[in-house]
Amino acid sequence: MGYRKRAGLAALFGGLAALAFPVAATPARAQVQAGTEAALVAQGAYMARASDCVACHTAPGGKPFAGGLPFALAMGTLYAPNITPDAGHGIGAYTEAEFARAVREGVRRDGAMLYPAMPYPSYARMSDADIHALYVYFMHGVAPVAQPNRPGTIPWPMSMRWPLIFWRALFAPSVRDAQASSGRAFSDPVVARGAYLVEGPGHCGACHTQRAVTMQEVALTAQDGTRFLGGGGAIDGWVPTSLRGENRTGLGRWSEDDIVAFLRTGRIQAGSAFGGMSDAVGHGTQHLTDADLHAIARFLKTLPPDDTTQAPWVYDAALANALHAGDVSAPGARTYVDRCAACHRTDGHGYPTVFPPLAGNPVVMGHAPDSLIHIVLTGDTLRATHAAPSSFVMPGFADRLSDRKVADVVSFIRKAWGNDAAPVTEADVARVRKALPRGDVVTGLPLN
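Throughout the sequence shown, residue numbering follows mature numbering (1 follows the signal peptide of the UniProt record, and there is no 0), covering -20 to -1, 1 to 428 in sequence.
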């Protein structure tokens, strides 16, 4: 029996029952109903934070959840849709079953497939209770916005959505299988909760796991092997680091409390959030409860390293001592002293939690240098959070440093203080500079 037919029969019998046994619409009953709805709205708002919905469905300067945020792909640009309860342009006409199907299976109300930029392979793990709360929140806790959806620029035939049926069948788990994975046994219920949040609503793997040439994540859960959360590919010029136990490039030297503090504030002694992670903290993780933050951290600390070849990072003072003695003969040393040392210090320790350390920083030692090149070129803002209400800005040097100068200073940082990471080339810098979003680089000033 179909969903609508069952719902119709339930409504019919419910209506007959109400005629036979009328229930007075007392103020107390209305108050209970209102309280139940308010609790569901609050739960749904919390899950929307945990799922980071606002970060993808809100354009800069736009209304919350009204869509329009661009996603630049090699084949063209997608724009996030309006998911406010507006009936004409948003999801106001969706039934709860249609909403659940879109979130967990990637199928719109009209039957068209959603592009997997929507992380429905992860959302498939979300419980019925959380999906119900999300639906109530979006229908009753979000203001409708009559903003039309912006069409993408992906050319035909790649713009056709029907082939995504086969992509989903090959690479996205069914809701039944995903639910079974979420319900697997854990010896610690805190770790179980963390696994649910990380693998499901938090969809951490969407960024922190590599993708195959067919664009699916190579591992969707910790059950799928150590490539899960082992570090992702470049997104808008930022390369997400490993969230596993690597000593140099992962969370091997971070404690559970370190991870909790980072997710709550975006800044700890070991480093600061930047790029896409700033949005994840600002819109999402800073709003989670301490219990859920500890659950996430404890689960992440159970993940062994994907790269088992890394020697432990040990601080090396040789280049710091050279700089203290006035020796700037190493390539990039003069640029570092002139442009970077005031904030990050000649010993690489920085001034946590204001200016992050470069010595022993997982991003600095990553296999791909793109994030470090990117932040040298464009700068970034350490955004304010509730627990850390001040913000700090790092300036970009794209308009002041040539590709050669950037390559030298980035190579210096990656070598110094025991980091011992591979150097970068002018070609690396040119590649990152070329890929930067339009407007991220100020041009017209002389390079030196």
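Just so you know, even glycine gets a beta-carbon here, dropped at the ideal spot from N, CA and C. These numbers come from a predicted model, not from an experiment.
Practice task
Go ahead and pull the three-state DSSP assignment for Tyr95.
Solution key: Reduced to three states, the DSSP call for Tyr95 is coil.
Handout entry: Length at least 3, wholly inside the stretch 40 to 121: the beta strand (DSSP E) runs in chain order
Key = You should have 50 to 53 and 56 to 59.
Problem - Backbone CA spacing between Ala22 and Ala313 [nearest angstrom] - result: Straight across, the Cα-Cα distance linking Ala22 with Ala313 is about 53 Å.
Practice task
Along the beta strand (DSSP E) that carries Thr229, what are the first and last residues, could you check?
Solution key: No beta strand (DSSP E) holds Thr229; DSSP gives it neither H nor E.
Problem - Leu338 versus Leu303 - alpha carbon distance - result: If I take the Cα positions, the gap works out to 15 Å.
Exercise for the section: Within 10 angstroms of the Cβ of Thr288, are there 16 or more other Cβ atoms? Answer buried if so, exposed if not. Expected result: Using a 10 angstroms sphere on the CB of Thr288, the tally of other CB atoms stays under 16, which defines it as exposed.
Handout entry: Sub-7 Å separation of Glu236 and Pro285 beta-carbons
Key = No, Cβ-Cβ distance for Glu236 and Pro285 is not below 7 Å.
Problem - Rounded straight-line distance, which links the Cα of Ser167 to that of Arg141 - result: The straight-line gap from Cα to Cα measures roughly 42 Å.
Practice task
Using the DSSP secondary-structure output, state which residues sit across from Ile215 in a beta bridge.
Solution key: Beta-bridge pairing links Ile215 to Trp218.
Exercise for the section: Take the Cβ of Ala120 as the centre, count every other Cβ of all protein chains shown within 10 Å, and call the residue buried at 16 or more, exposed below. Expected result: In the sequence as presented, Ala is not what sits at residue 120; that position holds His. It is exposed - the Cβ of His120 has fewer than 16 other Cβ atoms within 10 Å.
Problem - Residues bridged to Phe335 [DSSP beta-bridge criterion] - result: According to DSSP, Phe335 bridges with Tyr331.
Exercise for the section: Name the one or two DSSP bridge partners that Phe372 has. Expected result: Note: Phe372 sits in a beta bridge opposite Leu362.
Practice task
Check whether the Cβ atoms of Pro332 and Gln249 lie closer than 7 Å to each other.
Solution key: Contact: yes.
Exercise for the section: Just grab the DSSP bridge partners of Ser252 for me. Expected result: In the DSSP output, where bridge partners are listed per residue, Ser252 has Arg247.
Practice task
Keeping to the same chain, check which residues put their C-beta closer than 6 Å to that of Leu20; ignore five residues upstream and five downstream.
Solution key: Only Ala113 and Val116 meet the Cβ criterion.
Handout entry: Leu393 versus Pro220 - alpha carbon distance
Key = Per the sequence presented here, residue 393 reads as Ile, with Leu not at that position. Roughly 19 Å separates the two Cα atoms.
Practice task
Measure the beta-carbon distance from Ala92 to Pro153 and round it to whole angstroms, keeping in mind my assumption that it falls under 8 Å.
Solution key: Actually they do not touch by this definition, with Cβ atoms about 20 Å apart.
Problem - Three CB pairs or more closer than 8 Å across the stretch 228 to 243 and the stretch 180 to 200 - result: Judged by Cβ distances under 8 Å, the stretch 228 to 243 makes no contact with the stretch 180 to 200, as fewer than three pairs qualify.
Exercise for the section: Spell out a yes or no on whether the stretch 78 to 91 and the stretch 120 to 138 are touching, meaning 3 or more CB-CB pairs, one atom from each, closer than 8 Å. Expected result: The stretch 78 to 91 is not in contact with the stretch 120 to 138.
Practice task
Let me know the secondary structure DSSP gives Arg207 once reduced to three states.
Solution key: The three-state secondary structure of Arg207, taken from DSSP, is coil.
Exercise for the section: Inspect the beta-carbon positions of Val409 and Ala387 and report whether they are closer than 7 Å. Expected result: Yes, the pair counts as a contact, with Cβ atoms nearer than the cut-off.
Problem - Selected residue, minimal CA-CA separation from Ile276, among Val334, Cys36, Leu416 and Ala30 - result: Considering only Val334, Cys36, Leu416 and Ala30, the residue with the shortest C-alpha distance to Ile276 is Ala30.
Handout entry: Thr189 - partner residues in DSSP beta bridges
Key = For Thr189, which the question treats as bridged, DSSP gives the partners Gly211.
Practice task
Return the residue from the list Leu200, Leu223 and Thr201 that minimises the CA-CA distance to Gly211.
Solution key: Cα-wise, what sits closest to Gly211 is Leu223.
Handout entry: Nearest residue (CA-CA) to Leu416, options Arg363, Gly398 and Ser351
Key = Minimum Cα distance to Leu416 is reached at Ser351.
Practice task
Could you tell me whether the Cβ atoms of Leu362 and Phe372 are closer together than 7 Å?
Solution key: Contact flag set, yes.
Problem - CB-CB length for Thr194 against Leu209, believed under 8 Å - result: Contact between Thr194 and Leu209 is absent: CB atoms are separated by about 20 Å, not below the 8 Å threshold.
Practice task
Have a look at Gly264, Gln127 and Gly68 and flag the residue whose alpha-carbon is nearest the alpha-carbon of Ala39.
Solution key: Ala39 has its Cα closest to that of Gln127, out of Gly264, Gln127 and Gly68.
Practice task
Name the residue from Lys395, Ser382 and Gln266 whose alpha carbon lies nearest to the alpha carbon of Val412.
Solution key: Ranking Lys395, Ser382 and Gln266 by CA distance to the CA of Val412 puts Ser382 first.
Exercise for the section: Put Thr289 into one of helix, strand or coil per three-state DSSP. Expected result: Assigned with DSSP and collapsed to three states, Thr289 falls in coil, not helix or strand.
Practice task
Can you grab the Cα-Cα spacing for the pair Ala291 / Tyr100, in whole Å?
Solution key: Take the alpha-carbon of Ala291 and the one of Tyr100: they are about 37 Å apart.
Exercise for the section: In the DSSP assignment, find the alpha helix (DSSP H) that holds Pro169 and state where it starts and stops. Expected result: Where Pro169 is concerned, the enclosing alpha helix (DSSP H) stretches over Pro169 to Glu179.
Handout entry: Residue range of the alpha helix (DSSP H) that includes Leu280
Key = From DSSP, the alpha helix (DSSP H) with Leu280 extends over Asp270 to Leu280.
Practice task
Using the Cα positions of Pro349 and Val389, report the straight-line distance between them to the nearest angstrom.
Solution key: For Pro349 and Val389, the distance between alpha carbons rounds to 12 Å.
Handout entry: Within 7 Å, strictly: CB atoms of Phe279 and Ala214
Key = The answer is no: Cβ separation not under 7 Å.
Practice task
Pick out whichever of Gly330, Gly217 and Thr282 has its Cα sitting closest to the Cα of Leu53.
Solution key: Of the residues Gly330, Gly217 and Thr282, the one whose Cα lies closest to the Cα of Leu53 is Gly217.
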